[in-house]
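Note sheet for the following structure.
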Amino acid sequence: MLEQMKERVWRANLQLKESGLVVLTWGNVSEIDRATGYIVIKPSGVDYGAMKPEDMVVVDGNGQVVEGKLRPSSDLATHLEIYKAFPNVGGITHTHSRWATVFAQAGAAIPPLGTTHADTFCGAVPVTRKLTAEEIAGAYEKETGTVIVEAFCALDPMAVPGVLVHSHGPFTWGKDAAHAVENAVILEEVAMMAWHTLRMAPQSALQQELLDKHYSRKHGKNAYYGQKG
């Protein structure tokens, strides 16, 4: 079932390791088939070097395992909430990448300070509020998804394809698993740049006109970056 999708998700998870975004087993990638509602996700706690495409777990929209011998990622419920709330999202990545997690632990959004950021994120990468004691004690992973969705009540999740969960780490998304990983790579790079920029020049800010220009060069109907087709 969904063999090509399993292959894509497996490769996307390996890319996390190859890109230096994860250590040990601290991360996961999933992809959804919107036609069936089935989701393919990394198994929980399995070493990246030992994983095979057939180890990927297929679940339905309620998180019930449809196919697979291993338990799905413990972050599955968070992925489910994002997929339910953001219908244009096709893939999700979660890591504890160093620089993005620094901002998450500080409870600080990543501000747009330069065009590298603006090429992908049309504004600051937001940070969620802290979970309440009741949310932590309850359906913790589901509530993590809830606060992510809450952080986008006034934002377009496709224009800002990532978030920092307060005290935890980053989630990114895209049209599929590969694009979700690509956005995780970009997020980590802009987080590193932002941290160093703010150390050198705390009052740094990017002109709104320049942010809009760089984002629109790559996104939307008037985009002209890259090759057609």
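If you count the sequence shown from 1, position 201 lands on 200 in numbering that gives the first Met the number 0, and the numbers rise without skipping.
Using N, Cα and C, we set each Cβ at its ideal position, and we do this for glycine too.
Source: prediction; values computed, not measured.
- DSSP places S215 inside the alpha helix (DSSP H), whose first and last residues are 207–217.
- The Cβ-Cβ distance between T171 and A150 does not fall below 7 angstroms.
- For G144, the uninterrupted alpha helix (DSSP H) run begins and ends at 139–150, by DSSP.
- Per the C-alpha coordinates, the member of G137, A176, S29, D74 positioned closest to G168 is D74.
- Residue burial annotation: V28 is buried, with at least 16 other C-beta atoms found within 10 angstroms of its C-beta.
- Among the bridge pairs identified by DSSP, S29 is matched with I40, I91.
- Excluding the 5 residues flanking it on each side, P125 has same chain C-beta neighbours closer than 6 angstroms at A108, A150, V162, in chain order.
- In summary, E2 is exposed, with fewer than 16 beta-carbon neighbours lying within 10 Å of its beta-carbon over all protein chains present.
- In the DSSP assignment, T100 falls within the alpha helix (DSSP H) that extends over 97–105.
- Around the beta carbon of H178, a 10 Å sphere encloses 16 or more other beta carbons of the protein chains shown; the residue is thus reported as buried.
- For E66, the enclosing beta strand (DSSP E) stretches over residues 64–66.
- Within the DSSP bridge table, the entry for G168 names V164 as partners.
- Boundaries of the beta strand (DSSP E) around V58: 56–58.
- Straight-line measurement puts the Cα of V8 at about 10 angstroms from the Cα of T92.
- In the DSSP assignment, Y82 falls within the unbroken alpha helix (DSSP H) covering 75–84.
- Ranked by how close their Cα comes to the Cα of H78, the residues V101, V58, A123, S96 have V58 in first place.
- Distance from the CA of K16 to the CA of Y47, rounded to the nearest whole angstrom, comes to 7 angstroms.
- Cβ-Cβ distances below 8 angstroms link A123 to A108, I109, P110, P111, V159 in the same chain, with the five nearest sequence neighbours on each side left out; the list follows chain order.
- Collapsing the DSSP output to three states places V22 in coil.
- Between the C-alpha atoms of Y223 and A49 there is a straight-line separation of about 41 angstroms.
- In the three-state DSSP reduction, V189 falls in the helix class (H, G or I).
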